[in-house]
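Protein chains in written order, with my numbering: chain X, 11 to 130; chain B, 11 to 130. Glycine residues also receive a C-beta, built at the ideal position from the N, C-alpha and C atoms. Just below is one structure, and these are the notes that go with it.
There are 2 protein chains.
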Amino acid sequence: MNINDQLKTIKDYYSPKIIGEVNDVYIKLVKIKGDKVPRHNHKDEDESFYVLNKGKLLFEIENKEPFTMKKGDMFIVKKGINHKVSSKKECHLMLIENKSALHTGNVIHEITKSIKNQMD
Amino acid sequence: MNINDQLKTIKDYYSPKIIGEVNDVYIKLVKIKGDKVPRHNHKDEDESFYVLNKGKLLFEIENKEPFTMKKGDMFIVKKGINHKVSSKKECHLMLIENKSALHTGNVIHEITKSIKNQMD
């Protein structure tokens with residue numbers, strides 16, 4: 011499986027695609043453009059963000075100055091910490107998170123996708 | 011944290027470095043050159059291999075033809091499946107595996123590193 015080929019199959023922004031599972035975690039790819047991801051947290055789950063070959067990601071996080079991630083950068087949000095990500099231009103991410111994690115936390119939003127949707 | 015900066019800190023081949031944790035999994039970086047990784051399996055743990063910007067990885071795996079992974083390729087070995095990886099030239103990998111996984115499985119080999127070693 012090639013990550014770039016997988017990215018080509020993703021048409022919609024904010025729509026994570028599950029590409030693999032390693033025991034209790036999913037590996038997902040997602041494209042983001044804009045600021046529609048609501049501020050949220052995952053009560054019991056850490057979440058890893060890794061910026062692939064495209065875009066920059068603005069990270070706003072509880073008790074920290076906002077920062078921008080670029081290609082090759084990884085950041086892990088620990089459980090319970092509120093965060094919001096956005097990107098002016100298209101940005102491609104790899105996410106690593108527990109299977110139980112809801113991608114917008116307990117916030118139900120227009121972009122919220124079920125795990126079943128993320129498997130399509 | 012930038013992945014390329016982290017890779018620069020790794021001096022030795024076959025010596026995984028833990029760069030992050032997401033609940034029960036570690037994210038690791040490793041450089042491989044040669045064929046010293048013994049054939050092994052992880053009884054209870056899946057393991058994800060992702061080829062970063064450098065090298066090609068020869069994957070030999072139970073019940074499958076050997077195949078070569080290149081930049082951007084990801085492959086997940088399911089628990090219990092015997093596998094061996096090697097690379098003629100230097101190859102940089104990201105690994106995702108459960109914290110309980112021993113990197114050479116139950117095979118004790120000259121390259122075997124403890125989890126404590128992998129945190130250095």
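Residue i versus residue j - alpha carbon distance
i: D56 of chain B; j: I125 of chain X; result: 20 Å
i: K38 of chain X; j: L62 of chain X; result: 12 Å
i: H93 of chain B; j: S96 of chain X; result: 39 Å
i: K21 of chain X; j: N73 of chain X; result: 34 Å
i: K81 of chain X; j: I71 of chain B; result: 32 Å
i: N127 of chain X; j: K27 of chain X; result: 8 Å
i: M11 of chain B; j: V87 of chain X; result: 12 Å
i: V32 of chain X; j: I106 of chain B; result: 7 Å
i: Y36 of chain X; j: V117 of chain X; result: 20 Å
i: H119 of chain B; j: Y24 of chain B; result: 11 Å
i: F77 of chain B; j: L67 of chain B; result: 8 Å
i: I29 of chain X; j: M129 of chain B; result: 28 Å
i: H102 of chain X; j: H102 of chain B; result: 21 Å
Proximity test, residue i beta-carbon vs the ligand SAM heavy atom, cut-off 7 Å
i: V35 of chain B; result: This structure does not include the ligand SAM; it has no bound ligands of any sort.
Chain-ordered chain B contacts of residue i [CB-CB under 9 Å]
i: V32 of chain X; result: V35, E55, D56, E57, S58, I86, I106, E107, N108
Chain X residues whose Cβ lies nearer than 8 Å to that of residue i
i: I13 of chain B; result: Y60, G82, D83, M84
Residues of its chain near residue i, where Cβ-Cβ distance is below 7 Å and the 5 sequence neighbours each way are ignored
i: D34 of chain X; result: N108, K109
i: F85 of chain X; result: F59, F69, M79
With 16 other Cβ atoms within 10 Å as the buried cut-off, status of residue i
i: K123 of chain B; result: buried
i: T19 of chain X; result: exposed
i: K46 of chain X; result: exposed
i: M104 of chain X; result: buried
i: D83 of chain X; result: buried
i: K98 of chain B; result: exposed
i: G90 of chain X; result: exposed
Supposed contact pair residue j and residue i - C-beta distance, whole angstroms, cut 8 Å
i: I50 of chain B; j: A111 of chain B; result: Sequence check: residue 50 of chain B is His here, not Ile. Not really, about 10 Å apart at Cβ, beyond 8 Å.
Own chain partners of residue i with C-beta closer than 8 Å, once the 5 adjacent residues on each side are dropped
i: T114 of chain B; result: V47, P48, H50, I121, T122
i: E75 of chain X; result: none
i: E100 of chain X; result: Y23, K41, I42, K43, K64, G65
i: N14 of chain X; result: N63
Contact with chain D by residue i, beta-carbon distance below 8 Å
i: G44 of chain X; result: The displayed structure is made up of protein chains X and B, and chain D is not among them.
Proximal residues to residue i (C-beta, below 6 Å), its chain only, five neighbours per side dropped
i: Q16 of chain B; result: I29, L39
i: D54 of chain X; result: K89
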